[in-house]
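Some notes on the structure that comes next.
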Amino acid sequence: MTNTGLSDLSIRLLDRLTDAAPSVVPKIFQRALLGILGRKPVYQWFLRRYRKQWKAIRNPSKILLIVDVNIGDAVLGAQCLTLLREIHLDAEVHFACNKVGGELLLGMPGITVHNIFRGGERGMPSEEDLALLHALLVREQFS
Numbered sequence: 021m022t023n024t025g026l027s028d029l030s031i032r033l034l035d036r037l038t039d040a041a042p043s044v045v046p047k048i049f050q051r052a053l054l055g056i057l058g059r060k061p062v063y064q065w066f067l068r069r070y071r072k073q074w075k076a077i078r079n080p081s082k083i084l085l086i087v088d089v090n091i092g093d094a095v096l097g098a099q100c101l102t103l104l105r106e107i108h109l110d111a112e113v114h115f116a117c118n119k120v121g122g123e124l125l126l127g128m129p130g131i132t133v134h135n136i137f138r139g140g141e142r143g144m145p146s147e148e149d150l151a152l153l154h155a156l157l158v159r160e161q162f163s
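Residue numbers (our numbering): 21 to 163.
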């Protein structure tokens, strides 16, 4: 099984478990995830990795923030958008999300919202969504 297939299977399993026990499974998942990712060595590894990538892009002219197809991710992503606008005053900031998330963020100054995610099975992006995202990436040439 490929990594993509394993990831897809894991997400579907987590989704079904969350549907079965919505008050318990998310808490267990969050604690397990934070228990692993919250460790100092893991945090330092990610920090080194992404600092190198970020330094490679000195002054981005166009930034795209892509969120999940869920509305909660759009709300949390809004905080990232504000920070990106403050750090990169001259950059165009774009946001790819679903329609509902996009409606929440339309009033943010200096943000271009792309409502491309319609959602496929069980909240996952559909093949059409991914094709729209690919077309956006090709058309806009983000930094």
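Every residue gets a Cβ at the ideal spot worked out from N, C-alpha and C, and that includes glycine.
Report the three-state DSSP secondary structure of residue i (helix, strand or coil).
{"i": "Ile77", "result": "coil"}
{"i": "Leu153", "result": "helix"}
{"i": "Gln99", "result": "helix"}
{"i": "Arg105", "result": "helix"}
{"i": "Val45", "result": "helix"}
{"i": "Ala163", "result": "One detail in the question is off: residue 163 reads as Ser in this sequence, not Ala. Here Ser163 sits in coil by DSSP."}
{"i": "Arg32", "result": "helix"}
{"i": "Pro145", "result": "coil"}
{"i": "Arg51", "result": "helix"}
Taking C-beta to C-beta, are residue i and residue j nearer than 7 Å?
{"i": "Ile136", "j": "Leu152", "result": "yes"}
{"i": "Ser163", "j": "Pro42", "result": "no"}
{"i": "Ile83", "j": "Leu104", "result": "yes"}
{"i": "Phe49", "j": "Leu85", "result": "no"}
Who pairs with residue i in a beta bridge, going by DSSP?
{"i": "Glu112", "result": "Lys82"}
{"i": "Phe137", "result": "Asn118"}
{"i": "Thr132", "result": "His114"}
- Task: Flag this pair as touching only if the region 118-130 and the region 63-71 have three or more C-beta atom pairs under 8 Å; answer yes or no.
- Result: Per the Cβ contact rule, the region 118-130 is not in contact with the region 63-71 (fewer than 3 Cβ pairs under 8 Å).
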